[in-house]
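Trainee: Below you will find the structure I want to go over with you.
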């Protein structure tokens, strides 16, 4: 066979490669169209493929930044946001007060005292949630702020079948509060 015969009758592997490459290009075009359809467009003129990819990349980065801002705002609203915590010369954290919790049971009454720093207000909500899950009815809750500490006082009522549940609640609250306190760092 001479060269003109080979060009007119390409080998099967060459034909397969052409079909494979054509399918790959068609698949890439479809994927680019799909990506392009997800990005809001500000211009109505035709945009080149590299420009479309760059526009999509910029849009994704913008969405990521917006998501981070919204996450920070959510944490601030929930009281989870921590101030910048630094170490003083003695190795203690400045701007953070380790939480303390005390539970006293007197008959059907349960008193919970939660002491937190100003940066840990979400712990109060967590405490109320745990108390409700344990079947206690919150009768009264109050707080006082003294310097950099918040003293929460929660008065609850329990059923008679709940005898000696204060120990279980105490363990559960301590675990919940201390875990959430340290996982924020």
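Residue numbers (full-length UniProt numbering): 1 to 185. No residue lacks a Cβ here, since even glycine has one placed at the ideal position from N, Cα and C.
Provide the residue span of the beta strand (DSSP E) that contains residue 138, from first to last.
Mentor: Unbroken beta strand (DSSP E) run through residue 138: 137 to 146.
Trainee: Give the straight-line distance between the Cα atoms of residue 174 and residue 61, rounded to the nearest whole angstrom.
Mentor: So the alpha carbons of these two residues sit roughly 40 Å apart.
Trainee: Using only the alpha-carbon positions, how far apart do residue 65 and residue 145 sit?
Mentor: Rounded to whole angstroms, residue 65 to residue 145 spans 35 Å at the Cα level.
Trainee: Per DSSP, which one or two residues make a beta bridge with residue 153?
Mentor: Answer is 113, 142.
Trainee: Tell me whether residue 102 sits in a helix, a strand or coil according to DSSP, three-state version.
Mentor: In this structure, residue 102 counts as strand in the three-state DSSP scheme.
Trainee: Tell me whether residue 158 sits in a helix, a strand or coil according to DSSP, three-state version.
Mentor: Here residue 158 sits in coil by DSSP.
Trainee: Hey, out of 150, 168, 123, whose CA is closest to residue 136's CA?
Mentor: That would be 168, whose Cα lies nearest to the Cα of residue 136.
Trainee: So, residue 128 versus residue 151, is the Cβ gap smaller than 7 Å?
Mentor: It is not a contact, given that the beta carbons lie outside the stated cut-off.
Trainee: Less than 7 Å between the C-beta atoms of residue 67 and residue 99, yes or no?
Mentor: The answer is no: Cβ separation not under 7 Å.
Trainee: In angstroms with no decimal places, state the Cα-to-Cα distance between residue 27 and residue 33.
Mentor: Approximately 10 Å, taken between the alpha carbons.
Trainee: Between which residues of its own chain and residue 89 is the CB-CB distance below 6 Å, once the five residues before and five after are set aside?
Mentor: Confidence in residue 89 is poor, its pLDDT being 48 and thus under 50, which makes the residue's placement unreliable; the coordinate value appears in the next sentence. Closer than 6 Å at the Cβ level, and outside the excluded window around residue 89, lies no residue.
Trainee: With a cut-off of 8 Å on the beta carbons, I'd call residue 112 and residue 131 a contact; round off their distance for me.
Mentor: Yes, residue 112 and residue 131 are in contact; Cβ-Cβ is about 7 Å, under 8 Å.
Trainee: Nearest to residue 101 by alpha carbon, out of 117, 108, 109?
Mentor: For residue 101, the nearest C-alpha among the options comes from 117.
Trainee: Mind checking residue 15: buried by the 16 CB within 10 Å criterion, or exposed?
Mentor: So residue 15 counts as exposed.
Trainee: Hey, residue 134 and residue 165 are a contact pair by Cβ (cut 8 Å); roughly how many whole angstroms apart?
Mentor: Correct: roughly 7 Å between the Cβ atoms.
Trainee: Helix, strand or coil for residue 166, going by three-state DSSP, please let me know.
Mentor: In this structure, residue 166 counts as helix in the three-state DSSP scheme.
Trainee: Excluding five sequence neighbours on each side, which residues of the same chain lie with their C-beta closer than 8 Å to the C-beta of residue 172?
Mentor: The residues are 130, 134.
Trainee: Closest by CA to residue 139, which one among 176, 148, 153, 126?
Mentor: Nearest of 176, 148, 153, 126 to residue 139, Cα basis: 153.
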